[in-house]
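Those sequence lines, one after another, are chains A and B.
When you read off a place in the first sequence, starting at 1, and then add 53, the result is the number in the working numbering.
When you read off a place in the second sequence, starting at 1, and then add 53, the result is the number in the working numbering.
The structure under discussion appears below in the form of structure tokens.
Number of protein chains: 2
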Amino acid sequence: MTTPAVPAQRSQVTRKDVARYAGVSTAVVSYVVNGGPKNVAPATEAKVQEAIRLLGYRPNAAARALKLGSSETIGLVIPDNSNPFFSLLAHAVEDAAAELGYALVLTNSAGNLAKERRNIRNLAARQVDGVVLSSVLMEPDLADLEAAEIPAVLLNHSADAPGFNSVGVDLAAGAKSAVEHLISHGHTNIALAMGTNTGNYFDGREQGWLQALAEAGLPEGSIVRSPFTRDGGYASGRRLLAAASRPTAIFASSDMQAVGILRAIHEAGLSIPDDIAVASFDGSAESEYCWPPLTTVQQPAQAMAEAAVRALLQTPRGHEPEHLIFPTELLVRRSCGCEKPFA
Amino acid sequence: MTTPAVPAQRSQVTRKDVARYAGVSTAVVSYVVNGGPKNVAPATEAKVQEAIRLLGYRPNAAARALKLGSSETIGLVIPDNSNPFFSLLAHAVEDAAAELGYALVLTNSAGNLAKERRNIRNLAARQVDGVVLSSVLMEPDLADLEAAEIPAVLLNHSADAPGFNSVGVDLAAGAKSAVEHLISHGHTNIALAMGTNTGNYFDGREQGWLQALAEAGLPEGSIVRSPFTRDGGYASGRRLLAAASRPTAIFASSDMQAVGILRAIHEAGLSIPDDIAVASFDGSAESEYCWPPLTTVQQPAQAMAEAAVRALLQTPRGHEPEHLIFPTELLVRRSCGCEKPFA
DNA sequence: GTGAAAGCGCTAACAT
DNA sequence: ATGTTAGCGCTTTCAC
């Protein structure tokens, strides 16, 4: 091999080529491409545009990023993009970012701290302009985030994180509304199928469930804990069904878990909601299409994602961090015992 | 405002600072950071590592990308990351890319050609090293992809695309196996709930369905078409139920649609599989947890994503394009009439 | 309205 | 084993 290794350069045509072809300076090409900061005579502009078109010039984003110190890219760290709740969030974040001209680098951390940390580091090295972190861990690696000095916002985070912007929902209020609804159906033995991985922090959903029970003068129901997955919910469901005093209603901390619980109940040959009523949390699309459709507490995922991106990109540096808490909405369907007439 | 606008530079500490602090040249720092291309004396390396640690140095990826002509980033264009099938694909692509040191820029195109085109252009401008395109459109914007001169691979694409790498499944064989299974249950009136957006191209799933019917000497069943969504399937289901000669079995071209069909059947007060059996295509997680669990043709999404990324990143330039077709596997569950014993 | 040129942080060929 | 340095493509200040 005597031929010099040609780097796999693709975008061979540069600003310089365009300038030469159009008979102007490279600066003018920049002005045209960026619409500023200087004005360009219409005739010159036309020449440049024509040259760009003819040559098939495409600006090199890396060079721009180097010069500007901004890649116009944000990073998203989520536990698992194949979990419907997070994939919806990811989609919404992508849309919101694209709206502002930012691209989205997606990373999955498998709910695992080491991977989450690696992803954050990697994003930091890639000069992203900000990171949206949606961790299941209640103690995500904020230190790393701080060290990277990258603006960050915690999405799907309902506890205040000192020093960080965060956006989440009012977990307790949402859970409480669902449990109250279950109570209104006459249930007195309402179990909680809680998710795990929330650290030693007292989850708002658990709180809301307790509170609704207490306010109604009802005894505490049983709690089972499992991961925020269909499998986890299935396991929880089976445990609950096998319990000595089987609950007549179950509140699940996520739709995923509720779907697993539904399956466990079906398999046991019991009827939903007649034998056991179910309600859950999230308001995913799947909750509407499982059988029976789930009564669930809907999180405004889209609005939250938009708020997170705005907080990230449009908050002036050094600004006091904001903790945005969105309200939830109880979606009443059949799994709680409410019969919905069909169209 | 008389203070000069300080650019929002974050990564203030550069290779030069490290070099100065460690008392070496910038080249040596590079060698240490990159593990080459030259060797560095252990003592020197230690000094440099220490300086890096102390100074909190993080390499600037933009500069590296500019120099190397590679951003070590790939782009993914999918219709909708909130569709479980695509979010699974996206996750798998992310994992495969990360494995090779590449980050993933995610873009959703909403199954819309204009947006798909915009996303491709945007990715091209961002100097991604390759694009994985997973379009629902059967005629994605290959011209744009070609113009950008970016290596690309079509994922979830089962028809040969001349000049492009592609990876997909054998749609016809998969569909055929499912329909044959339905036939083995004694069904003779098997409808097809097909997806739309596949252009004028004759979808393999339709082909497989027809073929299975023909080979069994059965009459052609009815076809209804709707988008690849739960809502679409629901609409198809209702149409099928209202038909004069109601089918006793339905094959759906995607799990999403099947889930909608399930709901329509439930709402009609009919039993699955006794009144109507259902089988579908994809093998998503949801298919296992709906009720009854769906008999479905599983696509090896993970393997396909890995193959796509490898084809993208590890195929020498100028190499003859490959068309990889993966086999599917029929997952037999209860919706077809097979009773699975419970553990 | 237009142009010249410095320099963003990094890599690697070439010199020592 | 280590150092010097050109230059990747771009933006923008400063001169004209």
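Built from N, CA and C at the ideal position, the CB exists for glycine as well.
Annotated three-state conformation of residue 258 of chain A is helix, per DSSP.
Around the Cβ of residue 80 of chain A, a 10 Å sphere holds fewer than 16 other Cβ atoms; the residue is exposed.
Under the 8 Å criterion on CB atoms, residue 342 of chain A is classed as interfacial with respect to chain B.
Of the residues B:228, B:277, B:269 and B:283, the one whose Cα lies closest to the Cα of residue 257 of chain B is B:228. Between residue 388 of chain B and residue 347 of chain B, the gap from beta carbon to beta carbon is short of 8 Å.
Rounded to the nearest whole angstrom, the C-alpha separation of residue 306 of chain A and residue 385 of chain B is 30 Å. Where residue 228 of chain A is concerned, there is no enclosing beta strand (DSSP E), although the alpha helix (DSSP H) around it starts and stops at 224-237. Using a C-beta cut-off of 8 Å, the region 110-128 of chain B makes contact with the region 148-162 of chain B, since at least three inter-stretch Cβ pairs fall below that distance. The secondary-structure analysis by DSSP pairs residue 247 of chain A across a beta bridge with A:278. Here the C-alpha atom of residue 118 of chain A lies approximately 10 Å from the C-alpha atom of residue 179 of chain B. In this structure, residue 133 of chain B lies near residue 164 of chain B, with their beta-carbon atoms less than 8 Å apart. When Cβ-Cβ separations below 8 Å define contact, residue 158 of chain A makes contact with chain B.
Of all alpha-carbon atoms in A:302, A:317 and A:184, the one lying nearest the alpha-carbon of residue 327 of chain A is that of A:302. At the C-beta level, residue 70 of chain A and residue 108 of chain A come within 8 Å of one another. Counted as a single uninterrupted DSSP element, the beta strand (DSSP E) harbouring residue 127 of chain A occupies residues 126-131. Between residue 208 of chain A and residue 232 of chain A, the C-beta gap is not smaller than 8 Å, which leaves the two residues out of contact. Beyond the five residues adjoining it in sequence on each side, residue 391 of chain B comes within less than 6 Å, by CB distance, of 385 in the same chain, given in chain order. The beta carbon of residue 91 of chain A sits closer than 7 Å to the beta carbons of 84 from its chain, once the five residues preceding and following it are set aside; these are given in chain order.
For residue 149 of chain A, the secondary structure class from DSSP, reduced to helix, strand or coil, is helix.
Under the Cβ distance rule, residue 299 of chain A does not count among the residues neighbouring chain B, no pair being separated by less than 8 Å. Residue contact with chain A for residue 200 of chain B: present (Cβ-Cβ distance below 8 Å to some residue of chain A).
Residue contact check for residue 180 of chain A against chain B: a CB pair falls below 8 Å.
A contact between stretches requires three or more CB pairs, one per stretch, nearer than 8 Å, and the region 357-367 of chain A fails this requirement with the region 314-331 of chain A.
Contacts between residue 118 of chain A and chain B, judged by CB atoms closer than 7 Å, involve 115 in chain order. The C-beta of residue 112 of chain A comes closer than 8 Å to at least one C-beta of chain B. By the beta-carbon neighbour count (other beta carbons within 10 angstroms, threshold 16), residue 372 of chain B is exposed. Annotated three-state conformation of residue 144 of chain B is helix, per DSSP.
For residue 331 of chain B, the beta-bridge partners assigned by DSSP are B:303. Contact between residue 112 of chain B and residue 86 of chain B holds, since their C-beta atoms are separated by about 6 Å, short of 8 Å. According to the DSSP secondary-structure assignment, residue 186 of chain A is paired through a beta bridge with A:130 and A:207.
Neighbours of residue 165 of chain B in chain A, taken as residues at a C-beta separation under 8 Å, are lacking, since the least C-beta distance is about 13 Å.
Taking a Cβ-Cβ threshold of 9 Å, none of the residues of chain B is close to residue 331 of chain A; the smallest such distance is about 12 Å. Assigned with DSSP and collapsed to three states, residue 378 of chain A falls in strand.
Taking a cut-off of 8 Å on C-beta distances, the region 201-215 of chain B does not touch the region 231-246 of chain B, as fewer than three cross pairs fall below it. Straight across, the Cα-Cα distance linking residue 144 of chain A with residue 161 of chain A is about 14 Å. For residue 316 of chain B, the number of other beta carbons within 10 angstroms of its own is at least 16, and it is reported as buried.
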